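Residues 2 to 800 in our numbering are what the sequence shown spells out, letter by letter.
Note that beta-carbon positions come from the ideal geometry of N, C-alpha and C, so glycine has one too.
Keep in mind that this is a model prediction, so the values were computed, not measured.
Read through the structure below, which is laid out as structure tokens, and then see the notes.
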Amino acid sequence: METLLRDLKYGIRMLLRSPGVTAVAVVALALGIGVNTAIFSVVYAVLLRPLPVRDVDGLVTVAMVSRKINVSDAQPEFTAYARLKESGRWFESIAAASPGTAALSIGGTDEAVKLWRVTQSFLPALGVGPAFGRNFLPEEDQPGAARVAMLSHSFWQGRLNGDPRALGSTLTVDGQPYSVVGVLPPGFHVDGRPADIYAPVARSLNSREALPVNIYARLRPGVSVNQAQAEVDAHTKRQIPSPLGWEPRLWSLRDFEVREVRLSLWLLLGAVGLVLLLACANTATLLLARASARRKEIALRTALGAGRPRLVRQVLTESTVLALLGGACGVLVAMVCVEFVPLLAHERLPGLLEQTRVDGVVLAFTLGLSLLTGLVFGAAPALAAPRMDVYDTLKEGGRSGAGDGRRRGWNILIVTETALALVLAIGASLLIRTFFYLRDVAPGFRVDSLLTARITPPPKKFTSREQALAYWEEVIARVREIPGVKAATFAQSLPLTGDHNVMSWPVEGHRITRPEDGPAQWSRVVEREYFRTMQIPLLRGRLFSERDDMSSPKVVIVNEAFARHYWPGQNPIGKHIGGGEVPVFEVIGVVGDVRLEESTKAAPLEVLFHFLQGPTGRIALALRADPSVYRSPLLMEPAVRRAVMSVDSTQPVTQFAEMRQLISDRIAPKRLSAQLIGAFATLALVLAAVGIYGVLSFSVAQRTHEIGVRVALGARRGQVLGMVVGEAALLAAVGIGFGIAVALGLTQVMKNLLFGVSETEPWIFAGSAAALLAIAVVASFVPAHRAARVDPLVALRQE
2 METLLRDLKY GIRMLLRSPG VTAVAVVALA LGIGVNTAIF SVVYAVLLRP
52 LPVRDVDGLV TVAMVSRKIN VSDAQPEFTA YARLKESGRW FESIAAASPG
102 TAALSIGGTD EAVKLWRVTQ SFLPALGVGP AFGRNFLPEE DQPGAARVAM
152 LSHSFWQGRL NGDPRALGST LTVDGQPYSV VGVLPPGFHV DGRPADIYAP
202 VARSLNSREA LPVNIYARLR PGVSVNQAQA EVDAHTKRQI PSPLGWEPRL
252 WSLRDFEVRE VRLSLWLLLG AVGLVLLLAC ANTATLLLAR ASARRKEIAL
302 RTALGAGRPR LVRQVLTEST VLALLGGACG VLVAMVCVEF VPLLAHERLP
352 GLLEQTRVDG VVLAFTLGLS LLTGLVFGAA PALAAPRMDV YDTLKEGGRS
402 GAGDGRRRGW NILIVTETAL ALVLAIGASL LIRTFFYLRD VAPGFRVDSL
452 LTARITPPPK KFTSREQALA YWEEVIARVR EIPGVKAATF AQSLPLTGDH
502 NVMSWPVEGH RITRPEDGPA QWSRVVEREY FRTMQIPLLR GRLFSERDDM
552 SSPKVVIVNE AFARHYWPGQ NPIGKHIGGG EVPVFEVIGV VGDVRLEEST
602 KAAPLEVLFH FLQGPTGRIA LALRADPSVY RSPLLMEPAV RRAVMSVDST
652 QPVTQFAEMR QLISDRIAPK RLSAQLIGAF ATLALVLAAV GIYGVLSFSV
702 AQRTHEIGVR VALGARRGQV LGMVVGEAAL LAAVGIGFGI AVALGLTQVM
752 KNLLFGVSET EPWIFAGSAA ALLAIAVVAS FVPAHRAARV DPLVALRQE
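If you want it as structure tokens, here you go:
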């Protein structure tokens with residue numbers, strides 16, 4: 002310990018003796034360690050931090066999979082929950098929850114709240130109990146039971162001021178009284194979307210079977226997800242097959258929550274890891290240069306009896322102190338970066354991202370990373386220090402030229418920095434190209450000046466279909482009266498919002514033995530002004546009109562992809578869809594294709610029904626604003642709320658959003674990945690250029706005598722310049738070769754993040770390689786120019 006303390010004190014003195022070198026090294030390390038700490042804090046919060054439920058490893062959720070329509074994470078319906086409950090002998094408990102919104106009446110005003118309707122088994126399945134109060138009773142999760150509710154802790158604190166008298170009080174939700182029986186623990190959430198109020202699901206539903214729900218199940222001890230999946234698959238095969246091939250798939254809860262961002266986050270962590278390696282390489286260059294200046298000091302210590310282990314320990318102690326200083330400054334960098342974590346917001350992760358902070362776990366990671374970093378960049382100087390020839394170093398007149406071993410080490414640094422920078426440059430270029438592809442894809446309708454909103458009537462809101470239709474017609478009439486609204490419509494769902502319906506109906510001229518053998522058809526129920534408001538072009542036939550009502554013949558409109566698939570080269574007008582167990586509809590028009598789910602996928606086969614002839618339920622509004630009246634469509638929100646509430650004051654309007662922003666949000670994760678990795682790649686290129694310049698400058702300084710001899714023997718300045726630049730270009734080319742080999746492997750991992758560009762796009766690989774080669778040449782020019790101007794008399798005399 003005493004020896005360690007002496008080494009530590011000596012190392013600190015030596016660092017203070019070279020404040021310039023120390024400052025540059027600390028800044029480089031602080032940037033590298035800081036961005037690594039910041040990204041790790043996000044990775045830990047999203048992928049690694051324990052969820053606020055008991056034994057999360059035994060908790061699974063269920064998604065519906067259809068290979069037929071290439072959907073892997075659709076929300077199941079209550080029917081799936083009932084079947085799994087009957088068949089799941091591997092389940093200790095199983096629960097369902099239906100997230101939604103409701104109107105809460107407080108102080109004479111109505112406001113939208115997040116309401117989850119859950120089964121009585123919801124909290125037991127998650128292994129969570131109320132902070133105070135009680136859970137729902139089994140008899141309260143039955144049709145016709147008393148209306149009861151539990152509150153989230155944040156809602157209780159924020160809306161009710163943490164009043165303990167809330168237990169037993171009554172809240173008016175969707176115009177009905179609910180008695181509060183419990184308050185949930187602080188921070189409770191399941192999938193990053195905490196609710197405000199929880200109520201029993203069975204109490205107020207007309208048709209439980211068609212209700213979309215989230216399913217959560219706790220596996221029995223010792224049962225794996227694969228075992229439970231095998232049991233579910235066997236039970237599914239014994240049932241009547243789904244026309245669209247829907248099958249339940251079990252996911253661990255954590256994996257399901259982060260499925261869309263897991264790969265991106267690990268790639269980001271890998272990218273900042275490469276930046277840190279470049280920072281280490283540059284720091285190693287600085288320390289090698291400083292070690293060369295201390296050659297006589299190290300030789301003298303060796304002559305006085307210091308052994309090799311003692312010298313290695315001393316150099317590693319200095320590098321560790323330097324790394325810890327960089328780590329301490331890196332924590333400050335990370336704390337600043339974490340403030341920008343909300344920019345990472347993703348619709349599935351708000352609750353998880355809120356937990357991103359620099360806490361004890363993150364600080365422990367930073368400490369470990371700093372120590373590892375000190376060993377990495379200190380290894381080269383530590384190993385080089387004891388290898389010098391003591392006699393040649395101490396004697397006067399010893400040449401300062403770089404030996405073959407040291408030159409080989411510097412060459413390795415140049416190759417390594419070039420390879421690392423190239424890998425980052427290629428990855429960033431692929432992601433940036435993907436982002437521009439997504440941004441430029443035409444959705445098939447006009448997105449500017451378009452406002453969207455959602456109206457979700459509570460269960461049993463309408464007693465008849467006629468009452469529901471009259472309500473929607475009155476709502477849209479009031480909305481159209483708002484000054485500055487050029488057009489307004491509603492639909493069961495809107496494009497690119499992640500909400501859709503899929504069917505597989507018979508089509509005239511195409512006979513199939515089984516419905517499940519036919520192609521998937523995407524369906525949408527729309528109001529007659531839908532196409533004019535969205536500005537979707539009519540290609541053939543006509544649009545819906547006032548004469549298309551409940552008493553008239555049933556009609557539909559199909560998109561171009563549907564007509565092209567079923568009736569290529571034919572006139573689709575007058576053809577029919579349906580038959581057998583479903584009604585028959587006549588095709589009256591063909592409209593342009595609209596990308597419904599993602600802008601990266603081709604338009605599906607789509608059938609559009611008139612809302613007077615199709616099902617009703619929750620409705621999405623779409624309003625096109627007059628730009629001369631509303632600078633932004635979102636400015637219409639207050640007027641729309643007033644118009645809807647003038648029809649029914651208890652019905653809230655939620656999820657206001659500008660369509661352009663909705664589309665932007667759909668590609669936000671990919672845009673953010675491209676921006677961050679692009680920024681890290683730029684930093685890597687700068688570090689690589691600085692590193693190549695530093696290594697070559699030091700190398701030229703060490704080879705002053707050699708270059709002087711060459712000039713004295715007749716070498717021209719152009720030859721010396723070409724020699725230095727040529728060596729740099731050759732080393733960069735070797736690094737580019739290694740970088741391309743590594744990138745070819747890593748880009749295969751990125752395949753699922755790329756659209757519109759191949760993971761082996763030749764022009765991206767070639768362009769990135771050319772850029773790195775140019776950077777190496779430019780970085781080498783200043784040292785090469787300095788070498789070419791060496792005066793041979795001065796160079797030889799200084800030796």
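For residue i, which residues in the same chain have their Cβ closer than 7 Å to its Cβ, ignoring the five residues on either side in sequence?
| i | result |
| --- | --- |
| W157 | G163, A167, V184 |
| S371 | I34, A324, L325, G327, G328 |
| V362 | Y45 |
| V275 | A quick correction: the sequence has Leu, not Val, at residue 275. Same-chain partners within the cutoff: L421, V424, L425, A685. |
State the Cα-Cα distance for the pair residue i and residue j, rounded to the nearest angstrom.
| i | j | result |
| --- | --- | --- |
| R529 | L544 | 7 Å |
| L745 | A29 | 28 Å |
| V557 | V645 | 28 Å |
| L376 | T321 | 7 Å |
| K10 | L326 | 14 Å |
| K115 | L684 | 43 Å |
| I456 | V259 | 28 Å |
| I415 | G736 | 7 Å |
| N412 | G738 | 15 Å |
| D594 | S629 | 29 Å |
| Y392 | A770 | Reliability of the predicted coordinates at Y392 is poor, the pLDDT of 44 falling under 50, and the value obtained from them is presented with this limitation in mind. If you take the alpha carbons of Y392 and A770, they lie about 45 Å apart. |
| K487 | E467 | 28 Å |
| E232 | A75 | 20 Å |
| G727 | Q720 | 10 Å |
| L773 | A733 | 7 Å |
| A562 | P507 | 16 Å |
| I427 | R434 | 11 Å |
| L48 | R625 | 40 Å |
| A97 | Q230 | 18 Å |
| G757 | T237 | 37 Å |
| V527 | P165 | 47 Å |
| R400 | R718 | Confidence at R400 is low in this model, with a pLDDT of 48, below 50, so its placement is unreliable and the value that follows should be read with caution. If you take the alpha carbons of R400 and R718, they lie about 22 Å apart. |
| T318 | V27 | 15 Å |
| A478 | A767 | 59 Å |
| E112 | V119 | 21 Å |
| S42 | A682 | 20 Å |
| T651 | S106 | 8 Å |
| F188 | H154 | With the sequence shown as reference, residue 188 is identified as Gly, and Phe is not the correct amino acid for it. Each residue's Cα considered, the two are about 7 Å apart. |
Should residue i be flagged as near chain E, meaning a C-beta pair shorter than 7 Å?
| i | result |
| --- | --- |
| E248 | Included in the structure is just one protein chain, with no chain E present. |
Here's a check: name, in chain order, each residue in its chain whose Cβ is nearer than 8 Å to the Cβ of residue i, leaving out the five neighbours to either side.
| i | result |
| --- | --- |
| I664 | P444, V448, L497, S600 |
| L152 | L161, A167, V181, G183, V184, L185, D197, I198, Y199 |
Cutting at 6 Å between CB atoms, please list the residues of its own chain near residue i, excluding the five before and the five after it.
| i | result |
| --- | --- |
| P201 | F137, E141, D142 |
| P144 | A203 |
| Q1 | A question about residue 1 goes unanswered here, because the residues of the chain that appear run from 2 up to 800. |
| K555 | P584, F586, Q614 |
| V36 | V273 |
| S524 | N502, M504, V608 |
| P538 | G593 |
| G134 | L168, V182, G183, V184 |
Quickly, what does DSSP pair residue i with across the bridge? List them, please.
| i | result |
| --- | --- |
| I198 | L116, L152 |
| P100 | W117 |
| W523 | V503, E607 |
| V184 | F133, L152 |
| L105 | E112, V174 |
| R219 | L60, S94 |
| Y179 | L172 |
| E87 | Paired residues: none, contrary to the question. |
**Prompt:** Should the stretch 632 to 639 be called in touch with the stretch 541 to 555, which here means at least 3 C-beta pairs below 8 Å?
**Reply:** Put simply, the stretch 632 to 639 does not touch the stretch 541 to 555. Fewer than three CB pairs are less than 8 Å apart.
**Request:** Decide yes or no for the touch test of the stretch 681 to 689 against the stretch 267 to 287: beta carbon pairs closer than 8 Å, at least 3 of them.
**Result:** Yes, the stretch 681 to 689 touches the stretch 267 to 287.
**Request:** Output the residue ranges of the alpha helix (DSSP H) runs that lie fully inside the stretch 552 to 625 and measure 4 residues or longer, sorted by chain position.
**Result:** Runs of the alpha helix (DSSP H) inside the stretch 552 to 625: 561 to 567.
**Message:** So, does the stretch 55 to 69 touch the stretch 115 to 128, judging by three or more C-beta pairs under 8 Å?
**Reply:** yes
**Message:** What ranges does the alpha helix (DSSP H) occupy inside the stretch 709 to 778, keeping only unbroken runs of at least 4 residues that lie completely in it?
**Reply:** 718 to 750
**Message:** Could you tell me which whole beta strand (DSSP E) segments of length 3 or greater appear in the stretch 430 to 505?
**Reply:** Within the stretch 430 to 505, complete beta strand (DSSP E) segments of at least 3 residues are found at 451 to 456, 486 to 492, 502 to 504, given in chain order.
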